[in-house]
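Chains as they are written, first to last, in this note's numbering: chain C, 117 to 406; chain R, 49 to 304.
All residues carry an ideal CB built from backbone N, CA and C; glycine is no exception.
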Amino acid sequence: MNIPFDQFLIQTINGIVTGMILAMVASGLTLIFGIMDVVNFAHGELFMLGAYVGVLTLAATGNFWIALIAATLAIAVLGAVIYLTTLRPLIGRDPLTTILATFGVSLVLQNYALWQFGPVARKIEEPITGHFSLFYLEYPYYRLAIAVLAVAIIGGLWLFLKHGTYGIWIRATTQDRVMAQAMGIPVPWVLTAVFAIGAGMAAASGVLFGPLVGVNSQMGTSWVLRAFIVVVVGGMGSISGSIAAAIFISLLEAYASLWVSPAQAVIVSFVVLILTLLFRPTGLFVPTPK
Amino acid sequence: MSVAEAAPAAPSVAPTVEGEPLLRVAGIHTYYGKSHILDGVSLTVGRAEIVGLLGRNGVGKSTTLKAIAGIVHPRSGAIAFDGQPVAGLAPHTVARLGIAYVPEERRIFPYLTVLENLRTGLDRRGVSKARKAALLDKAYAYFPRLAERRAQFGGTLSGGEQQMLAIARAMMLEPKVILLDEPTEGLMPSMVSQIAQIVGALSREGVAVLLVEQNVPLTLEACRRVYFIEKGVVRHHALAAELSLDHSAIHQYLGV
Ligand SMILES: Nc1ncnc2c1ncn2[C@@H]1O[C@H](COP(=O)(O)OP(=O)(O)OP(=O)(O)O)[C@@H](O)[C@H]1O
Ligand SMILES: [Mg+2]
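Have a look at this one:
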């Protein structure tokens, strides 16, 4: 079967756009996993609640960018509260307890959203409404803006981690928590801040993605599932690995949907996950372990 | 002939430096789960004093240092530092008060560069830019090898270089005491004497050192006083100069 070049190009752009959103969700997840060995099952709900805060702030202010910032900050604070109340007391316990705890938090948040906002999806208006012609399509500029913003946010995270005192604190704590603390680094604060950063990034992704799909209480579930796949395929705890895996998997899904329906194309990511676990369980996008 | 026979589980006697010692550990008990590791350890370290802690493998030397650093919390007993109780404080609080810890395993951050490893201790509030530069210069003057490798990942350093970095990193905290756990383990002889010189230099600058070692001659040469620990209890305590003349305590507690 011959795939026309225009369709191929469109799917490449689509794959990169979703890949960047996925990379934002997954890098928060992997940052949290790397530093505290916690698999945050409530991450998708932070994405969803971020989108809802975006909806509310947008309704109140009429400004998408204010909504984006407000949602990021509000959910970062919520993340810090969840960390302090639910996860910090479990430090040093069996990892299973943190899985159950975050899973419990995700159920609470999801049902809270359903109760508070109802089952009907809310809409976030695109802040940029222009289109440009791409072959036979009118392609929205907003989708490109999402990709650019996601690159900017992930790049900002990278710069933050790479340079400056707090980045050193976070990386030192990730590499050896006890020694970091013995060097005077306030590790309890670092862990809380990292959880807040991951939560804020999930919320920002939710607001950015909201205009494409509509906001409802279930919207986090499919994203967090794909983000988990990305985190495993990228190598648990590796941010650059997660970014590469997010784009890789999103492109594969986008190309697969040239042949099959998008719902079936999702299978591709599971195939990649299984192959990774079978043949390279440390992750596709990390250096070969010695 | 000893300065004092420390009675087991009793607070240490005879702070051999004038006045209240910098660090006083009094009868601490620690447990790992149910196993009772420290059974009432007591010792003191004076200002700028170098004190040795000797004992056979597994008697609790490292655990004593971890307890002082706040990494292991004693279930009973007291630790006073600079006149302030510190037992039970979080390790980062203890470190900021001026107790630096150099663990037996060195525990260099493998994916931080040498400079970033140093900055983990250097980037504190209230340290001016000029002061930071001066501290780094001092560390690089002590260990020129670290200056050459400042942009290299800590994990790529040799064992000896990692030990230098571990000590230099501790110095970044501008501590009043450094807890040094077997710094010469696995090092070649020239490095061993370099470590001994560094310990002496620290003391001359006013930094006290609590030194755990297997190397007895080095300990006797570097330290002013030495404690012997056996099964979680300090059994004996003497001036290094006396131990150099009379090896009986060393035979008794170390079996060498
Ligand atoms: N994390 C731990 N969990 C359980 N037991 C431990 C732990 N760390 C140390 N121990 C035990 O505590 C005892 C004292 O250990 P410690 O490391 O203090 O000994 P040490 O005197 O430093 O020995 P070495 O000379 O071999 O370094 C040992 O019996 C050791 O097996
Ligand atoms: Mg030891």
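R/His285: member of the beta strand (DSSP E) spanning 281-287, first to last residue.
Per DSSP, the beta bridge partners of C/Tyr255 are C/Phe248. A direct Cα-Cα distance of roughly 48 Å separates C/Tyr257 from R/Ile156. The continuous alpha helix (DSSP H) containing C/Leu393 extends over residues 383-395. In the three-state reduction of the DSSP assignment, R/Asp87 falls in the strand class. Nearest CB-CB separation between R/Gly81 and chain C: not below the 8 Å threshold.
Buried is the label assigned to R/Ala256, since at least 16 other Cβ atoms lie within 10 Å of its Cβ.
In the DSSP secondary-structure assignment, R/Val257 is bridged to R/Ile98, R/Ile226.
A Cβ-Cβ distance of about 5 Å is found for the pair R/Ala115 and R/Pro122, placing them in contact under the 8 Å criterion.
Counting only Cβ-Cβ distances below 7 Å, C/Gly300 has contacts in chain R at His140, Ala143, Arg144, Gly169, Arg172, Leu221, in chain order. Of the heavy atoms belonging to ligand 2, none sits nearer than 7 Å to the Cβ of R/Lys224.
When DSSP states are grouped into helix, strand and coil, C/Ile119 belongs to the coil group. Ranked by Cα distance from C/Ala309, the options C/Arg287, C/Tyr371, C/Asp292 are led by C/Arg287. Of the residues R/His84, R/Ser83, R/Lys82, R/Leu101, the one whose Cα lies closest to the Cα of R/Leu91 is R/Leu101. Within the same chain, and ignoring the five residues on either side of C/Thr214 in sequence, the residues whose Cβ sits closer than 7 Å to its Cβ are Val154, Leu203, Leu206. Using a Cβ distance threshold of 8 Å, C/Thr146 and C/Val347 count as a contacting pair. For the 8 Å CB-CB criterion, C/Ser338 and C/Gly350 do not form a contact. In the DSSP annotation of this structure, the continuous segment of the alpha helix (DSSP H) that includes R/Arg217 starts and ends at 207-219. DSSP places C/Thr289 in the helix class (H, G or I) of the three-state scheme.
When Cβ-Cβ separations below 8 Å define contact, R/Phe129 makes no contact with chain C. Take the alpha-carbon of C/Trp285 and the one of C/Val294: they are about 12 Å apart. Relative to R/Glu209, the option among R/Phe191, R/Val150, R/Tyr159 whose CA is nearest is R/Phe191. The beta-carbon of C/Thr281 is placed less than 8 Å from the nearest beta-carbon of chain R.
At a cut-off of 8 Å between C-beta atoms, R/Ile226 does not count as an interface residue with respect to chain C. Listed along the chain, the chain C residues whose CB falls inside 8 Å of the CB of R/Phe157 are Arg287, Ala288, Gln291, Asp292, Met295, Ala296. Look at the segment 97-127 of chain R: the residues with a C-beta under 7 Å from a C-beta of chain C are Ala117, Ile119. Taking a Cβ-Cβ cut-off of 7 Å, the neighbours of C/Val303 in chain R comprise His140, given in sequence order. Look at C/Glu242 here: in three-state DSSP terms it is coil, with no helix or strand label. Membership of R/Arg72 in the beta strand (DSSP E) is indicated by the continuous run 71-80. Relative to the Cα of R/Arg72, the nearest Cα in the group R/Gly103, R/Ala148, R/Gln132, R/Tyr80 belongs to R/Gln132. Here the C-alpha atom of C/Pro378 lies approximately 20 Å from the C-alpha atom of C/Glu254. Straight-line spacing of the CA atoms in C/Tyr168 and C/Ile365 works out to 27 Å. Contact between C/Thr281 and R/Asp171 holds, with the beta-carbon distance rounding to 4 Å and staying under 8 Å. With a cutoff of 7 Å, R/Glu230 counts as near ligand 2, since its C-beta is closer than that to a heavy atom of the ligand. Not one heavy atom of ligand 1 sits closer than 7 Å to the Cβ of R/Glu261.
Listed along chain R, no residue sits closer than 8 Å to C/Ile390 by beta-carbon distance, the nearest being about 29 Å off.
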